[in-house]
Amino acid sequence: MAETLAVRRLDRLGVVLVAGGIAATALMPFIYVKANRIAAGKPMLLMQLLPQPSVIILTVLLLLTAFATLFLRNAPARLAVATLCLAALIVAIGLVSTAATPPGSTVARMTPGGGFWVLFAVIGLVISDALVKIRLAPWMRVAALAAYTALLFISLSSGLLDSLSIMKEFSTRAPQFETEAISHLLLAFGSLAIAIVLGLPLGILCFWVPKLRAAVLQGLSLIQTIPSLALFGLLMLPLGYLATHVPLAAAIGIRGIGTAPALIALVLYSLLPIVANTVVGLQGVDPSVRDAAAGMGLTRLQILVGIDMPLAFPVILTGIRIVLVQAIGMVTIAALIGGGGFGIFIFQGLGQTAMDLVLLGAVPTVFFAFSSAVILDAVIDSIRGSAA
Amino acid sequence: MKLVVANLFRLAALALLLILLFRTEWLSFMLVPLTSNNAPAVYTQNSLASLAAGHLQLVIGSIVCSAVLAVVGGIFVTRESGADFLPLSRAIANAGQTFPPVAVLALAVPATGFGAMPTLIALFLYGLLPIFENTVAGLKQVSPQVLDAADGMGMNGTQRLLRVELPLALPLILEGLKVATVINIGTATIGSTVAAKGLGEVIIAGLISDNTAFILQGGLIVGLMAVLIYDAMGLVEAAITRRIGLRAA
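As they're listed, the protein sequences go chains V and F.
Residues in the first sequence are numbered consecutively from 1, following the working numbering.
Residues in the second sequence are numbered consecutively from 1001, following the working numbering.
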């Protein structure tokens, strides 16, 4: 009887996470030590690194986190332990790779191994599980995001991680990284802005004219099914034609490759979520509210601006969230047609089988998409919360 | 009338697709003007039909795997014994959506090397999310009264799941399957950057050699395939929901 109770108290999710973490630590290398960029790396397990003080601290914290994950029901305490452990993990990989780099060497590079990544993911999952269970208020989630981002930036700018190969790739490409970051965000937010300007009126029109609704929504969902690379490629044809035959188009920068087809394709993909959510949001407004407003003598436009739009706003914002996250991811593909953005690093890295370069493009993309999802979710939830 | 037009469109799209796949030279009047310097107008490195077959194999193989795992996982987290896993798996599914497919694809390469494998893994992982999320949503939306009624009729857990919950969740699950398939057709196109056999090869060959004719035929074939498959799945979905007595949403 007592035994079954003890088993019950074990967190089942915790068992899976801890088992995964232990397996990864025991079987997968924590770090690869490479003499240069193309040399095969020498794998080192976490246990082989134990003589180093930072690794001892990390191991103690890992054990503490495992214990907390298995037995501790108190979510804030788990969060604290896991966050500390995550910080120790980052510090340890930095110190270990600095220790393994021969002094003065510029070609030696240290790549985190599978063990590091699995531990990183497992601790991240423990943290996010604790965050989900605490049920943070919307703005607290943004604050948590800001806190973890600050942690990340402190560890990046402190020079602690400079011996890691991804940071070496970054330091040789810092100016290009900045340009690509700007063009990535410009493409994502620019297409979003254009899609909102086009999509909102179109959505309102579709709401007013039911006959138009089915046709527009079907047409737009047809566009969604076309693979992005195909759409980028197909748009190059008319735009290339336009550029060679209309001097004005070429003068304002419309060309077959580059930003123009990328921007147009992104706007086309973004229209459906915005138009559809505008229609759904407006349909969700209680007709009696609208009747009351009409009875008070408000014109159709006044009702739209004063009543319909504010009430439909959370749903429209949900559409905008979908679009933004989708666009940030899709811009990476635009790199294939010369559109710029972080995709440049990803495809360069694939071409040279340099995974650090792939990470240099993928990590910031995921970071931007994830942050914008968290922030917009918080905005949506706080509007919904204050309306209810 | 509307149905006739829709069917005409379907037939025309299918006919164009078949011509592009098997008799591309019939369209050379359209393709040749798009090339320069006597570049070939029709992609001949690999036959277009075999590339399309490879493309579909990647998509179907990955979708079957992700559908099985996602539906089983979705059922598991909505049972009492899996409740511990529900909050986190929902959070993961949500966060997973913020990963661009290219990133998943590129990061799978070091684990498996180039070729079909990283593409299959990326497609599999990426297909999990929409199916899982829709399975959970579909099972959660079954009203408690219906479940009570099922219990009252003396059904055990398995019977309740198979006869009541899953049929009621089916429209949403199918919707997830449709979304996953469309995403995967697109991602398989990018799979060609890691040397998977698929139609992206034609588009990328066109982009590299500045051959617009290649881009057009590659883009048209993938686009037509995606649209036709999406449409066909919609028809199947409507037929199934009608069959089990639920009106299509």
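Think of the CB as a built atom: it goes at the ideal place given N, C-alpha and C, for glycine as much as any other residue.
The structure displayed is predicted, hence computed values, not measured ones.
Chain V contact residues for residue i, given Cβ-Cβ distances below 7 Å
| i | result |
| --- | --- |
| P1087 (chain F) | D129, V132, K133 |
| G1219 (chain F) | A230, G233, L234 |
Contacts that residue i makes with chain F (C-beta to C-beta distance below 8 Å)
| i | result |
| --- | --- |
| V366 (chain V) | T1098, F1099, P1100, A1103 |
| I346 (chain V) | V1102, A1103, A1106 |
| T13 (chain V) | Note that residue 13 (chain V) is Leu in the sequence shown here, rather than Thr. Those within 8 Å of L13 (chain V) in chain F are D1084, F1085, L1088. |
Residues that residue i bridges to, as DSSP identifies them
| i | result |
| --- | --- |
| L164 (chain V) | V:M110 |
| M44 (chain V) | V:I31 |
Closest residue to residue i among the options (Cα-Cα distance)
| i | options | result |
| --- | --- | --- |
| P201 (chain V) | V:V216, V:V374, V:G190, V:A188 | V:V216 |
| L1139 (chain F) | F:V1072, F:A1232, F:R1242, F:A1013 | F:V1072 |
| V81 (chain V) | V:T59, V:T98, V:T101, V:A99 | V:T59 |
| P175 (chain V) | V:S372, V:G351, V:S382, V:F342 | V:F342 |
| A143 (chain V) | V:P310, V:D11, V:T244, V:A378 | V:A378 |
| T964 (chain F) | F:N1007, F:L1031, F:I1092, F:M1233 | There is simply no residue 964 (chain F) to check, as chain F begins at 1001 and stops at 1249 in what is shown. |
| E1201 (chain F) | V:L62, V:A230, V:K133 | V:A230 |
| A1070 (chain F) | F:I1131, F:A1106, F:N1184, F:K1002 | F:I1131 |
| D1148 (chain F) | F:I1203, F:D1210, F:V1164 | F:V1164 |
| K1197 (chain F) | F:P1118, F:T1181, F:V1004, F:P1110 | F:P1118 |
| Q348 (chain V) | V:V358, V:A150, V:L151 | V:V358 |
| A294 (chain V) | V:I307, V:Q218, V:G284 | V:I307 |
| L1021 (chain F) | F:K1002, F:L1088, F:T1044, F:L1107 | F:T1044 |
| I204 (chain V) | V:I383, V:S158, V:R300, V:T318 | V:R300 |
| F1214 (chain F) | F:F1009, F:E1175, F:T1024 | F:T1024 |
| A146 (chain V) | V:S382, V:F367, V:G385 | V:F367 |
| V194 (chain V) | V:G14, V:L212, V:A260 | Here residue 194 (chain V) is Ile; the residue named in the question, Val, does not match the sequence. Closest option to I194 (chain V), Cα to Cα, is V:A260. |
| L416 (chain V) | V:A40, V:L17, V:L95, V:W208 | As shown, chain V starts at 1 and ends at 388. That puts residue 416 (chain V) outside it, with no answer to give. |
| I322 (chain V) | V:F207, V:S371, V:M28 | V:S371 |
| I346 (chain V) | F:G1082, F:A1239, F:A1103 | F:A1103 |
| N1046 (chain F) | F:M1225, F:S1192, F:G1157 | F:S1192 |
| P960 (chain F) | F:N1134, F:K1002, F:A1122 | In the structure displayed, chain F extends from 1001 to 1249; residue 960 (chain F) sits before or after that span and is not available. |
| S105 (chain V) | V:G159, V:K168, V:G124, V:M236 | V:K168 |
| Q224 (chain V) | V:L266, V:P103, V:C206 | V:L266 |
| I134 (chain V) | V:G329, V:L151, V:R73, V:L235 | V:R73 |
| D381 (chain V) | V:E180, V:G199, V:A137 | V:A137 |
| T1189 (chain F) | F:A1083, F:L1105, F:V1077, F:V1004 | F:L1105 |
| A1238 (chain F) | F:K1178, F:A1039, F:L1128 | F:K1178 |
| L324 (chain V) | F:T1078, F:P1100, F:N1037 | F:P1100 |
| I1092 (chain F) | V:R384, V:V374, V:L298 | V:V374 |
| A100 (chain V) | V:S163, V:F71, V:T278 | V:S163 |
Chain-ordered chain V contacts of residue i [CB-CB under 8 Å]
| i | result |
| --- | --- |
| I1215 (chain F) | G233, L234, M236, L237 |
| V1222 (chain F) | I226, P227, L229, A230 |
| P1167 (chain F) | Neighbours of P1167 (chain F) on chain V: none; closest Cβ ~26 Å, over 8 Å. |
| V1182 (chain F) | Q224, T225 |
Integer-rounded CB distance, given that residue j should sit under 8 Å from residue i
| i | j | result |
| --- | --- | --- |
| I422 (chain V) | I31 (chain V) | One cannot answer for residue 422 (chain V) here, as it falls past the ends of chain V, which runs 1 to 388. |
| T365 (chain V) | T332 (chain V) | 6 Å |
| I274 (chain V) | R290 (chain V) | Not really, about 22 Å apart at Cβ, beyond 8 Å. |
| L86 (chain V) | I57 (chain V) | Incorrect: roughly 13 Å between the Cβ atoms, too far for contact. |
| L1216 (chain F) | L1056 (chain F) | Not quite, the Cβ-Cβ distance comes to about 21 Å (not below 8 Å), so this is no contact. |
| G1218 (chain F) | G1206 (chain F) | 6 Å |
| K42 (chain V) | A108 (chain V) | Not quite, the Cβ-Cβ distance comes to about 11 Å (not below 8 Å), so this is no contact. |
| L1170 (chain F) | I1240 (chain F) | 7 Å |
Chain V residues whose Cβ lies nearer than 9 Å to that of residue i
| i | result |
| --- | --- |
| Y1126 (chain F) | By Cβ distance, chain V contributes nothing, its closest Cβ being about 11 Å from Y1126 (chain F), past 9 Å. |
| V1194 (chain F) | L350 |
| G1074 (chain F) | Ordered by position in chain V, no residue passes the 9 Å Cβ test against G1074 (chain F), which lies about 16 Å from the chain. |
| A1226 (chain F) | T225, I226, P227, A230 |
| Y1230 (chain F) | S221, L222, Q224, T225 |
| G1138 (chain F) | Chain V residues near G1138 (chain F): none, gap ~19 Å exceeds 9 Å. |
Contacts of residue i in chain F (Cβ-Cβ under 9 Å)
| i | result |
| --- | --- |
| F370 (chain V) | A1095, T1098, F1099 |
| A362 (chain V) | F1099, P1100, V1102, A1103, V1104, A1106, L1107 |
| L125 (chain V) | L1088, A1091, I1092 |
| G329 (chain V) | Q1097, T1098, F1099, P1100, P1101, V1102, A1103 |
| I337 (chain V) | L1207 |
| L355 (chain V) | This sequence places Met at residue 355 (chain V); Leu is not what is there. Going along chain F in sequence order, the residues near M355 (chain V) (Cβ under 9 Å) are A1106, L1107, V1109, P1110. |
Proximal residues of chain F, C-beta to C-beta of residue i below 7 Å
| i | result |
| --- | --- |
| P112 (chain V) | Those do not exist, as P112 (chain V) stays about 11 Å from chain F at its closest Cβ, beyond 7 Å. |
| I333 (chain V) | V1102, I1190 |
| A373 (chain V) | T1098 |
| V358 (chain V) | A1106, L1107 |
Residue i CB to nearest heavy atom of the ligand HEM below 8 Å
| i | result |
| --- | --- |
| I1183 (chain F) | The model on display carries no ligand, and the ligand HEM is accordingly not part of it. |
(request) Would you list, in chain order, the members of the region 202–222 of chain V that have their beta-carbon closer than 7 Å to a beta-carbon of chain A? (result) The structure shown contains no chain A; the protein chains it does contain are V and F.
(message) Please give me, in chain order, every unbroken run of the alpha helix (DSSP H) with length at least 4 that falls completely inside the region 1014–1073 of chain F.
(response) 1028–1031
(request) For the region 192–218 of chain V, list the beta strand (DSSP E) runs that are entirely contained and at least 3 residues long, ordered along the chain. (result) none
(request) Run through the region 1070–1152 of chain F for me and flag every whole alpha helix (DSSP H) of 4 or more residues, listed as ranges in chain order. (result) 1086–1096, 1101–1112, 1116–1140, 1144–1152
(request) With a floor of 4 residues, list each alpha helix (DSSP H) that falls wholly inside the region 312–376 of chain V, ordered by position along the chain. (result) 343–351
(request) Note down, one range per segment and in chain order, each alpha helix (DSSP H) of at least 4 residues found wholly within the region 1181–1241 of chain F. (result) 1200–1209
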